[in-house]
Amino acid sequence: MAGSCVRIVGKVEEVIFMIEELKVSDVMTRDIIYVDKNADLEHILHLMEKHRITKLPVLENGKPIGIVTDGEIAYKLGSLRSRDVNPSHLYASSVMVRDFDTLKPDTPLEEIIRTVGLPGLTMLLVVEEGKLVGVITKADLLPLVKDERPVKEIMSRNVITVQPDDRVVHARRKLIEYGVARLPVVEEGKVLGVIAEMDIARAFANLKRSVPYRHQKHQLEELTVRDAMNAPAITTDSSTSIRSAAEIMVQNDVGCLPIVNDRLEGIVTRTDLIKTLK
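The number in this note's numbering is simply the position in the sequence shown, starting from 1, with 7 added.
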């Protein structure tokens with residue numbers, strides 16, 4: 008698929024490129040949402056919700072020093088050590104990941120596509136002369152996906168799920184154990200929603216704002232998936248083309264699509280779709 012022609016919608020309009028000719032600068036996001044190291048967690052969560060993102064670069068004097076992720080936020084807010092800490096008293100410097108990769112704008116895009124699905128952060132920072140000039144995520148790569156095969160050819164059939172009455176802490180353990188970013192929420196075969204690290208981080212933050220410290224441990228342990236999940240789920244069926252699945256993800260700004268034909272049959276993620284470019 009790497010030699011196929013594609014149209015880059017909204018990035019380089021009306022121009023057809025070969026994948027191997029593209030550079031990171033052709034698809035990266037230049038309008039960067041970022042914070043400085045002293046930004047508090049309330050502000051960070053507000054930006055993430057407003058812009059529907061799950062990661063933010065942390066800058067100091069225009070230079071990147073870390074990345075705040077939804078997973079780190081969920082970990083911090085759910086940990087024993089920070090149970091008495093309000094989100095407004097946690098700062099980017101204490102929740103950011105300090106080990107991250109950077110790219111140059113002229114890095115061949117093929118190099119990035121080859122790494123999709125490997126362990127590591129899913130936001131890459133594009134740096135030129137020490138300054139952050141862009142970021143690239145899986146969402147930036149989805150418009151390149153033009154495969155017309157049905158999505159059933161690449162979907163995962165062994166889907167890890169949770170039920171709406173499961174505890175959020177149980178859902179988070181599953182996310183970590185299976186190394187997945189999202190879990191469909193299923194009841195009697197029906198997909199009710201999806202729960203991800205961002206949903207968990209938001210639920211933990213809301214609880215910390217509203218519940219006195221002496222009750223937080225119990226409330227955290229009793230918080231259910233139903234209380235935190237994103238519903239209703241955006242789904243599709245197994246006959247949908249890979250290209251159309253990518254378009255649905257872009258239009259709805261979601262990271263996965265449960266595949267449903269009356270009942271849950273599988274799931275496809277951004278990673279699955281982008282791998283068709285290799």
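A virtual CB, placed ideally from N, CA and C, is assigned to each residue, including glycine.
Check: Which class does Ile39 belong to by DSSP, given the choice of helix, strand or coil?
Finding: The residue you call residue 39 lines up with position 32 of the sequence shown. Assignment of Ile39 by DSSP, reduced to helix, strand and coil, places it in the coil class.
Margin query: Which residues does DSSP list as the beta-bridge partners of Thr247?
Written below: Taking the first residue of the sequence shown as 1, we reach residue 247 at position 240. In DSSP, Thr247 forms no bridge with anything.
Margin query: Taking a contact to mean a Cβ-Cβ separation below 8 Å, would you say Met130 touches Thr114 in this structure?
Written below: Translated into positions along the sequence shown, residue 130 becomes position 123. Translated into positions along the sequence shown, residue 114 becomes position 107. Cβ distance not < 8 Å, so Met130 and Thr114 don't count as in contact.
Next item on the list: Answer yes if the segment 244-253 comes into contact with the segment 207-217, meaning at least three C-beta pairs across the two stretches below 8 Å, and no otherwise.
Entry: Because the criterion of three Cβ pairs below 8 Å is not met, the segment 207-217 and the segment 244-253 do not touch.
Next item on the list: Let me know if Ile51 comes out buried or exposed under the rule of 16 or more other beta-carbons within 10 Å of its beta-carbon.
Entry: As a position in the sequence shown, residue 51 is number 44, starting the count at 1. Buried: at least 16 other Cβ atoms inside 10 Å.
Check: How is the beta strand (DSSP E) around Asn1 delimited, first residue to last?
Finding: Nothing can be reported for residue 1: it is not among the residues displayed for the chain, which extend from 8 to 285.
Next item on the list: Would you identify the three-state DSSP class for Lys67, choosing helix, strand or coil?
Entry: One-based indexing of the sequence shown puts residue 67 at position 60. It should be pointed out that residue 67 corresponds to Glu in this sequence rather than to Lys. It is a strand residue.
Note to self: If contacts are defined as beta-carbon pairs under 8 Å, then Met162 and Asp279 qualify, I think. What distance do you get, rounded to the angstrom?
What the structure shows: Your numbering for residue 162 matches position 155 in the sequence shown. Your numbering for residue 279 matches position 272 in the sequence shown. Yes, Met162 and Asp279 are in contact; Cβ-Cβ is about 7 Å, under 8 Å.
Notebook entry, point to check: Between the segment 250-263 and the segment 180-193, are three or more C-beta pairs nearer than 8 Å?
Noted result: yes
Next item on the list: Count the other C-beta atoms from every protein chain shown that fall within 10 angstroms of the C-beta of Tyr98, then say buried if there are 16 or more, exposed otherwise.
Entry: Along the sequence shown, read from residue 1 onward, the residue named residue 98 stands at position 91. Burial call: buried.
Check: Using the beta-carbon count (16 or more within 10 Å), is Arg270 buried or exposed?
Finding: Mapped onto the sequence shown, residue 270 falls at position 263. Per the 10 Å Cβ criterion, exposed.
Checklist line | Cα-Cα separation between Val65 and Val123, rounded to whole angstroms | finding: The residue labelled residue 65 in the question sits at position 58 within the sequence shown. The residue labelled residue 123 in the question sits at position 116 within the sequence shown. Cα to Cα, the separation comes out at about 23 Å.
Note to self: Give me the DSSP bridge partner(s) of Ala210.
What the structure shows: Walking along the sequence shown from the start, residue 210 turns up at place 203. Paired residue(s): none; Ala210 is not in a bridge.
Notebook entry, point to check: DSSP puts Gly73 in a beta bridge; with which residues?
Noted result: Here residue 73 refers to the residue found at position 66 when the sequence shown is read from its first residue. Residue pairing for Gly73: DSSP places it in a beta bridge opposite Val65.
Margin query: So, for Leu214: in the same chain, excluding its five sequence neighbours on each side, which residues have a beta-carbon less than 8 Å away from its beta-carbon?
Written below: Residue 214 sits at position 207 when you count from the first residue of the sequence shown. The answer, listed in chain order, is Gln223, Gln226, Leu227, Leu230.
Item checked: Inter-residue CB distance, Met35 and Asp147 (contact presumed, cutoff 8 Å) -> Numbered from 1 along the sequence shown, position 28 holds the residue referred to as residue 35. Numbered from 1 along the sequence shown, position 140 holds the residue referred to as residue 147. With 8 Å as the limit, Met35 and Asp147 qualify as a contact, their Cβ atoms being about 6 Å apart.
Next item on the list: Please report how far the alpha carbon of Asn68 lies from the alpha carbon of Ser251, in whole angstroms.
Entry: The sequence position of residue 68 within the sequence shown is 61, counting from 1. The sequence position of residue 251 within the sequence shown is 244, counting from 1. Taking the straight line from one Cα to the other gives about 41 Å.
Next item on the list: Write down the C-beta distance between Pro265 and Thr242 rounded to the nearest angstrom, noting that I regard them as a contact closer than 8 Å.
Entry: Locating residue 265 in the sequence shown gives position 258, where the first residue counts as 1. Locating residue 242 in the sequence shown gives position 235, where the first residue counts as 1. So it is a contact: roughly 5 Å between Cβ atoms.
Margin query: I'd like the list of long-range same chain contacts for Ile167, defined as Cβ closer than 7 Å, with 5 residues on each side in sequence excluded.
Written below: Here residue 167 corresponds to residue number 160 of the sequence shown, with the count starting at 1. Closer than 7 Å at the Cβ level, and outside the excluded window around Ile167, lie Lys181, Tyr185, Val187, Leu190.
Margin query: Nearest by alpha-carbon distance to Glu117: which of Met256, Val31, Gly73, Leu54 is it?
Written below: Residue numbering aside, residue 117 sits at position 110 when the sequence shown is read from its first letter. Distance check between Glu117 and each of Met256, Val31, Gly73, Leu54 places Val31 closest, using alpha-carbon atoms only.
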